[in-house]
Structures are given as C-alpha cells and as structure tokens.
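Have a look at the structure below before the remarks.
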Amino acid sequence: MGGLTYIDFLAKFGVGGAHPGGIGLTKSILAQEHITKDSMILDAGCGTGQTAAYLFNQYQAKIFCLEINPIMIEKAKNRFEKLQFPIQLFQGSVEEIPFDRNTFDFIICESVLAFVNKPKALSEFYRVLKTGGRFLANEMTINSKLNKQAEQEIIGFYNIDSLLLENDWIRLLEDTGFKQIKINELQSDLKDGNVAQEFNFSQNFEPELFSILNEHGNMLIKYHDILSHRIFTCSK
Ligand SMILES: C[S@@+](CC[C@H](N)C(=O)[O-])C[C@H]1O[C@@H](n2cnc3c(N)ncnc32)[C@H](O)[C@@H]1O
C-alpha cells in the first residue's frame, strides 16, 4: 500500500459521511436529541464536514469542528465557505482537544474513536462536555471475538490499535464517567454500503488508493457477520 492508509483514501476521495449509515443515519440519531440554536456542538473528527453542515442548516446551532487531517480540513473549509455557514474549524487531535472544560452541549463522533487512543480521546470528550451534555458516537464494533489472524488483518487494514466488542465500549464509557449509556437501536449493515455516498476528489491522487477502496469492500464482505458498528449515546 506504499504507506497509504484507509484515512488517506477517505481524504483524497473526499468521502462525505464516512461512517456506517452515512448522513441518513446521522439525521435519525440527531432527531432523537434536543438540539436548539443555542446548542454548542462539537463534530469531533469532522472529515469533510457533511454532518457539521447539516447541523448548522437544520438547527442554526453553534457548530465547531475538530479534524487532524489537512486534506479533510481543506475540503470541510471549502464546503462551509461555499455554503456561507459560520462553522468554526480547528485543526487538532481529539486526544488533546483545544477547548476549555464544560464547553459543549453535544459532541458527535462518527467513526473516529476507532482510529485514536480511545481512553485518551474519551476523557477529553468528557472534559470539554458540559455537565448534562450529550456524547453521541457511531463506532466500529465487532459482534464476536475474532481469531488472531482475522483481528490482525482488520487492525492492519485500518491502521488501528484494537477492535472492540459492544461491552468493551460500554466499559470504556463507564470508566470515563459517562452516564445513561445507551445503545441506539438504529443500525445499518456495513456491506450494504452507503447509497447517498458523496465524493469530493482531490486533483491528484495515488492509484494505490483504488486498491484500498477495493480491499475495503472485500473486507466488509468477508467479515460481514462480525464487523459491525454501534451507536452509543450517553451523558456527562
Ligand atoms: C472514518 S473518518 C470519519 C469522518 C467523519 N466523521 C465522517 O463521518 O464523515 C475518520 C476521521 O477521523 C479523523 N481523525 C483521525 N484521527 C484523528 C485525531 N486524532 N483527531 C481528530 N481527527 C482524527 C480522520 O482524519 C478522519 O477524517
């Protein structure tokens, strides 16, 4: 793969809604929350900013985005400028969030925790969330334990440190201090893909990125019984 990662593929192809269920599922999750124009919302690891733009358009709330990848940042910035949406975009890591404690009413984190140091990022989310604030996450989850070889194949492909079962996520959220932890019943099957997929291609991209796309598709089919996701919602 020449050192290129799955995230490089997402960034160069400008995949919007790069999480299970896409923007459709995002809208359903958000509709279950009490969001108003006064809500302070962080889209953590916003990618190209599709969810953040929806949040502003739908609720006129105060939207902040944090993203580490410069290509993603550029594409999110272009999106917000084109739409003339006053969304604040910050380059940085969810492992060290550049905001004060008790800042946000909502944090939405769509397929980001899988790629980072999970306890570190979760404790940062907890810190910057207001008491009573809501944390909403849509994250890769395995349905059952995998053998070592399969685990290594998936971990290696995504360049991540671990694969978590539903209970592992719940324990991590509890250990961080979150309350009212719930698994939302909304679900989507990863191998069905995302019908409303949005792309915003970079001018130049490495041909190897097509192999990553291909390999990703094959992996979702191969592990479709095991590789899944869950939507976790909880409060501080
Ligand atoms: C699977 S994509 C999801 C993007 C977006 N949330 C969406 O649903 O379209 C994961 C995103 O997390 C970002 N990311 C990875 N590590 C990060 C970190 N330490 N801090 C902030 N963002 C990070 C990646 O650059 C990428 O945009």
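Position one of the sequence shown corresponds to residue 9 (the working numbering), numbered consecutively onward. Glycine residues also receive a C-beta, built at the ideal position from the N, C-alpha and C atoms. Small disclaimer: the values here were computed from a predicted structure and weren't measured.
- In this structure, the C-beta of Phe-123 approaches ligand 1 to less than 7 Å from one of its heavy atoms.
- With a beta-carbon spacing of about 38 Å, Gly-141 and Lys-230 fall beyond the 8 Å limit used to define contacts.
- Assignment of Lys-138 by DSSP, reduced to helix, strand and coil, places it in the strand class.
- Annotated as proximal: Asp-51 and Leu-63, with beta-carbon spacing under 8 Å.
- In this structure, the C-beta of Cys-73 stays at least 7 Å away from each heavy atom of ligand 1.
- Three or more Cβ pairs closer than 8 Å define a contact, and the segment 139-159 meets that threshold against the segment 98-117.
- The shortest C-alpha to C-alpha distance from Ser-152 to any of Asp-108, Gln-40, Gly-57 and His-232 is the one to His-232.
- By the neighbour-count criterion, in which 16 or more other beta carbons inside 10 Å mark a residue as buried, Ala-39 falls on the exposed side.
- Remark: the shortest separation between the CB of Thr-59 and any heavy atom of ligand 1 falls under 7 Å.
- Taken in chain order, the whole alpha helix (DSSP H) runs of length 4 or more contained in the segment 101-140 are 126-136.
- A distance below 8 Å separates the beta carbons of Ile-49 and Ala-69.
- In the three-state reduction of the DSSP assignment, Ser-219 falls in the helix class.
- Rounded to whole angstroms, the separation of the alpha carbons of Cys-242 and Lys-187 is 6 Å.
- In terms of Cβ geometry, His-237 and Pro-28 form a close pair [threshold 8 Å].
- Spanning the alpha carbons of Asn-208 and Gln-99 requires a straight line of approximately 19 Å.
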